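Scroll down for the structure; my scribbles are underneath it.
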Amino acid sequence: MSPRQPSLARWFHAATSYPPARDPRRVGLRHAAAGTVLALPRPRLLACPLEEAIAGRASCRRFAAEPLVLADLSTLLSAAYGCRGQVSVGGFGFQARPVPSAGAIYPLDIHVIALSVTGVAPGIYRYLPARHALEGGPAPLSRDFLSDLFLGQHHAAAAGVLAVVTARLDATLARYGDRGYRYVLLEAGHVVQNLDLVASALGLACLDLGGFLDRMLDETLRLTHEVSLYGAAVGHPSTEDGGDVRAMPRVVPAEDL
Ligand SMILES: Cc1cc2nc3c(=O)[nH]c(=O)nc-3n(C[C@H](O)[C@H](O)[C@H](O)COP(=O)(O)O)c2cc1C
Numbered sequence: 169m170s171p172r173q174p175s176l177a178r179w180f181h182a183a184t185s186y187p188p189a190r191d192p193r194r195v196g197l198r199h200a201a202a203g204t205v206l207a208l209p210r211p212r213l214l215a216c217p218l219e220e221a222i223a224g225r226a227s228c229r230r231f232a233a234e235p236l237v238l239a240d241l242s243t244l245l246s247a248a249y250g251c252r253g254q255v256s257v258g259g260f261g262f263q264a265r266p267v268p269s270a271g272a273i274y275p276l277d278i279h280v281i282a283l284s285v286t287g288v289a290p291g292i293y294r295y296l297p298a299r300h301a302l303e304g305g306p307a308p309l310s311r312d313f314l315s316d317l318f319l320g321q322h323h324a325a326a327a328g329v330l331a332v333v334t335a336r337l338d339a340t341l342a343r344y345g346d347r348g349y350r351y352v353l354l355e356a357g358h359v360v361q362n363l364d365l366v367a368s369a370l371g372l373a374c375l376d377l378g379g380f381l382d383r384m385l386d387e388t389l390r391l392t393h394e395v396s397l398y399g400a401a402v403g404h405p406s407t408e409d410g411g412d413v414r415a416m417p418r419v420v421p422a423e424d425l
């Protein structure tokens with residue numbers, strides 16, 4: 169099937185994006201120019217049985233102040249979208265990855281808003297799968313600003329990191345036309361499910377985030393040819409008073425933005 173002009177997909181993306189808040193509190197997030205590369209340590213070997221990781225997964229809305237250790241962040245990123253060496257199938261070569269991708273295009277990226285990670289300055293980074301490294305640098309992150317970005321979800325901004333899965337839509341739409349939009353969303357789901365399960369296997373907790381101000385998040389991450397699709401807050405769950413880590417959020421209706 170020959171791909172059609174991918175106009176519907178872009179229209180749909182824009183039409184379903186949340187607008188900026190009426191009075192956006194712009195804190196002028198500036199982060200280091202691309203180029204500062206921080207090598208990540210080797211990912212941990214997971215000892216937790218898969219069924220335990222699945223059973224333990226829950227949306228966490230009560231994060232503890234304890235920072236994430238870098239080895240855990242490394243393990244999460246590697247399991248979500250790391251590169252596992254070159255494969256060649258029938259003369260077609262591509263990078264083996266922990267998630268599938270329509271046409272082996274791999275149009276996604278993971279950006280890491282590091283809030284509290286040992287050995288990493290709070291800031292904004294892009295995961296470089298081929299190098300298993302982070303690129304980016306410190307940024308004057310305010311948890312209030314991040315909470316606004318995620319529709320007033322303070323519980324998300326209390327995590328150790330906010331991971332944001334972004335997509336280079338052109339890559340997949342050029343091949344599949346508008347139908348490719350479905351594929352990038354499905355692929356983002358694969359990535360975030362890996363984050364959910366590996367967080368659970370590491371004794372951490374995750375909250376998947378579909379609610380955010382699209383354009384402001386794109387701007388914060390300095391995206392040029394990509395769009396933000398899906399977020400995941402990861403950190404240590406707070407078990408301080410024995411309450412349920414799921415603690416349901418206050419829902420912010422889109423019309424209140
Ligand atoms: C696509 C998607 C987007 C979501 N976005 C949010 C969100 O923005 N904020 C939030 O608190 N939970 C969000 N969730 C989590 C759901 O609310 C949660 O999965 C649901 O309440 C079931 O609870 P459980 O995950 O603990 O089993 C999202 C889940 C999915 C799959």
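If you're matching positions, the sequence shown starts at 169 in my numbering and goes up one per residue. Idealized CB from N, CA, C, for every residue including glycine. Computed from a predicted structure; not experimentally measured.
Rounded C-alpha distance that separates residue i from residue j
i           : j           : result
residue 251 : residue 245 : 10 Å
residue 286 : residue 346 : 42 Å
residue 294 : residue 304 : 6 Å
residue 297 : residue 334 : 14 Å
residue 407 : residue 414 : 11 Å
residue 393 : residue 350 : 18 Å
residue 258 : residue 274 : 19 Å
residue 307 : residue 241 : 18 Å
residue 214 : residue 281 : 24 Å
residue 175 : residue 185 : 16 Å
residue 272 : residue 357 : 16 Å
Test item: CB-CB of residue i and residue j under 8 Å
i           : j           : result
residue 320 : residue 284 : no
residue 337 : residue 183 : no
residue 290 : residue 309 : yes
residue 405 : residue 230 : yes
residue 360 : residue 249 : no
residue 181 : residue 395 : yes
residue 376 : residue 227 : yes
residue 353 : residue 330 : no
residue 317 : residue 385 : yes
CB-CB length for residue i against residue j, believed under 8 Å
i           : j           : result
residue 276 : residue 355 : 6 Å
residue 236 : residue 348 : Contact flag wrong, Cβ pair sits at about 33 Å.
residue 266 : residue 239 : No, residue 266 and residue 239 are not in contact; Cβ-Cβ is about 17 Å, not under 8 Å.
residue 300 : residue 208 : 5 Å
Collapsed DSSP secondary structure at residue i in the structure displayed
i           : result
residue 314 : helix
residue 343 : helix
residue 376 : strand
residue 321 : coil
residue 334 : strand
residue 410 : coil
residue 222 : helix
residue 258 : coil
residue 355 : helix
residue 284 : coil
residue 269 : coil
residue 249 : helix
residue 403 : strand
residue 365 : helix
residue 428 : Residue numbering for the chain in the displayed model covers 169 to 425; residue 428 lies beyond these limits and cannot be assessed.
beta-carbon residue i near ligand 2 non-hydrogen atom, thresh 7 Å
i           : result
residue 316 : Looking for ligand 2 in the displayed structure turns up nothing; the ligands present are ligand 1.
Exercise. Quick one: any contact between the stretch 339-356 and the stretch 379-388, if contact means 3 or more CB pairs under 8 Å?
Worked result: no
Problem set entry | Inter-stretch contact at 8 Å, needing at least 3 Cβ pairs: the stretch 260-280 / the stretch 221-230 | no
Exercise. Pairing CB atoms from the stretch 395-411 with CB atoms from the stretch 362-376, are three or more of them under 8 Å?
Worked result: yes
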